[in-house]
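Asker: I am attaching a structure below and will ask some questions about it afterwards.
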Amino acid sequence: MSAVIRRAVHAADGEHLSLCTVTPKDESAGACGVVIMHGAGTGDKERNLPFAEDFAAYGHPAVVLDFSGHGESTGALPDLSLRRRRDQAAAVIDEVFDDERPLVLVGFSMSGQTVADLVDLYGGRVAAIVLCAPGIYAKDAWDVPFGAGFTELIRRPESWRDSQALDTYARFDGRALLVVPEQDTVIPDGTTELIRAALSTRADLSVLRLAGAGHQLGAWLAGKPQDRRDIIRALPRTSG
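Heads up, the sequence shown stops at 264 in the numbering used here, and the numbers go up one at a time, no gaps.
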């Protein structure tokens, strides 16, 4: 199934956010809007574009974006925060997808928190979530700019246990896929287990472990088309 890729810039949160939409020429019945969000550091939308194309191949329109301070978006990374990440992703969702379209939220690393924040915002409209080596963060770090004390807050031992994301994931009753790399030297095993336990409460949860993968799953999956398809096929609503 062929698709059309369009690059655009959307003004939101005082920034100009670079994004790519991938639109299938023929949508599947009940198509979801897929939002793929990169992690922190050097993460950007380009590594996730092949994943968006794969979703479009199954008939689902998708979008990838650069958060401010990343890729081709404006802004400085030290000025970004978890709250601003949520606001920027929501602005892109509202720009790209109509209000009635169900959503699939895909988050890498730090975007494990952003996915939870968007579930809080969009509620039952979120049909499925895909968490790839996800991170979550303490409540008091949520609104702190990355360059103004955020690092010190998240370095407190096991501060992630206080994350609002755990309550959100415990309430989520859609389809959930937790993608875990074989070797993750960034996200503590305790974080992954807490997320798994929370999602086990109500969600239709599957766990997929990727042999040979490390924490940088976005970059790793960019060169692994079969593993990307395996992820999509683990979400029945998107693979039909």
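From the three backbone atoms N, C-alpha and C, an ideal C-beta is built for every residue, glycine too. None of these values were measured; they are calculated from a predicted model.
What is the rounded straight-line gap between the Cα of D197 and the Cα of G99?
Answerer: Taking the sequence shown and counting its residues from 1, the one referred to as residue 197 is at position 173. Taking the sequence shown and counting its residues from 1, the one referred to as residue 99 is at position 75. Rounded to the nearest angstrom, the two C-alpha atoms are 35 Å apart.
Asker: Going by alpha carbons, who is nearest to Y146 out of L129, G236, R233, I160?
Answerer: As a first step, residue 146 is located in the sequence shown; it is residue number 122 there, counting from the start. Among L129, G236, R233, I160, the Cα nearest to that of Y146 belongs to L129.
Asker: Based on the DSSP output, what are the partners of G57 in its beta bridges?
Answerer: Counting from one through the sequence shown, the residue named residue 57 turns up at place 33. Partner(s): L127.
Asker: Does the Cβ of S187 have 16 or more other Cβ atoms within 10 Å, making it buried, or fewer, making it exposed?
Answerer: Position 163 of the sequence shown, counted from the start, is the residue given in the question as residue 187. Under this definition S187 is a buried residue.
Asker: Do T216 and V143 count as a contact pair if the criterion is CB distance below 8 Å?
Answerer: Locating residue 143 in the sequence shown gives position 119, counting from the first residue. Locating residue 216 in the sequence shown gives position 192, counting from the first residue. No, the pair does not count as a contact, with Cβ atoms beyond the cut-off.
Asker: Per the DSSP calculation, L43 is bridged to which residue(s)?
Answerer: The residue you call residue 43 lines up with position 19 of the sequence shown. L43 is bridged to A32, L89.
Asker: Nearest CA to the CA of V150: which residue from E70, G136, P126?
Answerer: On the sequence shown, residue 150 is found 126 positions in, with the first residue counted as 1. Cα-wise, what sits closest to V150 is P126.
Asker: Helix, strand or coil for P102, going by three-state DSSP, please let me know.
Answerer: Here residue 102 refers to the residue found at position 78 of the sequence shown. If DSSP states are grouped into helix, strand and coil, P102 belongs with the helices.
Asker: List the whole-angstrom C-beta distance separating G63 from G242, where the pair is believed to meet the contact cut-off of C-beta under 8 Å.
Answerer: The sequence position of residue 63 within the sequence shown is 39, counting from 1. The sequence position of residue 242 within the sequence shown is 218, counting from 1. The pair is a contact, with the Cβ atoms about 7 Å apart (cut-off 8 Å).
Asker: Taking only runs of the alpha helix (DSSP H) that begin and end inside the segment 169-257, which ones reach a length of at least 4 residues, in chain order?
Answerer: DSSP runs (the alpha helix (DSSP H)) wholly in the segment 169-257: 175-178, 188-195, 213-223, 241-246, 249-257.
Asker: Quick one: what's I153 bridged to in DSSP?
Answerer: Translated into positions along the sequence shown, residue 153 becomes position 129. Bridge partners of I153: L129, A200.
Asker: Round the Cβ separation of V59 and S105 to the nearest angstrom and send it over; I've been treating them as touching at under 8 Å.
Answerer: What you label residue 59 is simply residue 35 of the sequence shown in a count that begins at 1. What you label residue 105 is simply residue 81 of the sequence shown in a count that begins at 1. Not confirmed; about 19 Å, so no contact.
Asker: According to DSSP, is P48 helix, strand or coil?
Answerer: Along the sequence shown, one-based indexing puts residue 48 at 24. DSSP places P48 in strand when its eight states are reduced to three.
Asker: Can you tell me whether DSSP reads A27 as helix, strand or coil?
Answerer: Counting from one through the sequence shown, the residue named residue 27 turns up at place 3. In the structure shown, A27 sits in a strand (DSSP, three-state: E or B).
Asker: Please classify D213: is it buried, with 16 or more other beta-carbons within 10 angstroms of its beta-carbon, or exposed?
Answerer: Numbered from its first residue, the sequence shown carries residue 213 at position 189. Exposed: under 16 other Cβ atoms inside 10 Å.
Asker: Near A80, which residues of its chain fall below 6 Å by C-beta distance, leaving aside the five closest residues on each side in sequence?
Answerer: Stepping through the sequence shown from its first residue, residue 80 is reached at position 56. Within the same chain, A80 has close Cβ partners A27, V46, P48, A86.
Asker: Using a Cβ-Cβ cutoff of less than 7 Å, which residues in the same chain neighbour S263 once the five nearest sequence positions on both sides are dropped?
Answerer: Locating residue 263 in the sequence shown gives position 239, where the first residue counts as 1. In this prediction, S263 scores a pLDDT of 49, lower than 50, which makes its location untrustworthy; no coordinate-derived value is stated.
Asker: Report back the beta-carbon spacing between R199 and D228 to the nearest angstrom; my notes put them in contact at under 8 Å.
Answerer: Here the question's residue 199 lines up with position 175 in the sequence shown. Here the question's residue 228 lines up with position 204 in the sequence shown. The Cβ separation is near 5 Å, so the contact holds.
Asker: Around the C-beta of Q240, are 16 or more other C-beta atoms found within 10 angstroms, so that it is buried, or is it exposed?
Answerer: Translated into positions along the sequence shown, residue 240 becomes position 216. The residue is buried, with at least 16 neighbouring Cβ atoms inside 10 Å.
Asker: Flag this pair as touching only if the segment 219-239 and the segment 172-183 have three or more C-beta atom pairs under 8 Å; answer yes or no.
Answerer: Flag = no, the segment 219-239 and the segment 172-183 do not touch.
Asker: To the nearest angstrom, how far is the alpha carbon of P74 from that of M61?
Answerer: Position 50 of the sequence shown, counted from the start, is the residue given in the question as residue 74. Position 37 of the sequence shown, counted from the start, is the residue given in the question as residue 61. Looking at the two C-alpha atoms, the distance is approximately 13 Å.
Asker: Could you name the residues of the same chain whose beta carbon sits closer than 6 Å to that of A115, not counting the 5 residues immediately before and after it, in chain order?
Answerer: For the purposes of this step, residue 115 is taken as the residue at position 91 of the sequence shown. Around A115: A36.
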